[in-house]
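Peer 1:
Residue numbers (my numbering): 2 to 125.
#1: Out of curiosity, what's the CA-to-CA distance linking residue 96 and residue 102?
#2: Determine the burial state of residue 115: buried for a count of at least 16 other Cβ atoms within 10 Å of its Cβ, exposed for fewer.
#3: Give me, in chain order, the residues of the same chain whose beta-carbon lies closer than 6 Å to that of residue 24; leave out the 5 immediate sequence neighbours on both sides.
#4: Whole angstroms are fine: how far does the CA of residue 87 sit from the CA of residue 52?
#5: Is it buried or exposed for residue 121, if we count other Cβ within 10 angstroms and need 16 for buried?
#6: How is residue 105 classed by DSSP in three states: helix, strand or coil?
#7: Cutting at 7 Å between CB atoms, please list the residues of its own chain near residue 118, excluding the five before and the five after it.
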């Protein structure tokens, strides 16, 4: 008998109707990539899907554009309180994320919608 491991991130997206049950055999990254490709989505689309790890990488990129550097080994979490570095965690406010996304668009010309990033990141 083979044990099947369930990924809570994939299960949540299946329950929300974003992923099909066939995504259970995929990695998070492969499931997100398949969803985005099948629906013709790019990072500027509100329905774009990030894994939590991908979202954290994009947050580092966006905040780097406004002069806030976050180390690669620092966990990125959303907060409705004061943002900033806290030991091994960096707290990001949704408004700060939206501002950084707008600045990124002005600097690079690439639009990145902040809502999918918010959906992917855990809250503190």
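C-beta atoms are modelled at their ideal positions from N, C-alpha and C, and glycine is treated no differently.
Peer 2: If we stick to the structure as given:
#1: 10 Å
#2: Flag for residue 115 reads buried.
#3: Once the five neighbours on either side are set aside, the close Cβ partners of residue 24 are 11, 32.
#4: Cα to Cα, residue 52 sits roughly 23 Å from residue 87.
#5: buried
#6: helix
#7: 51, 56, 59, 60, 98
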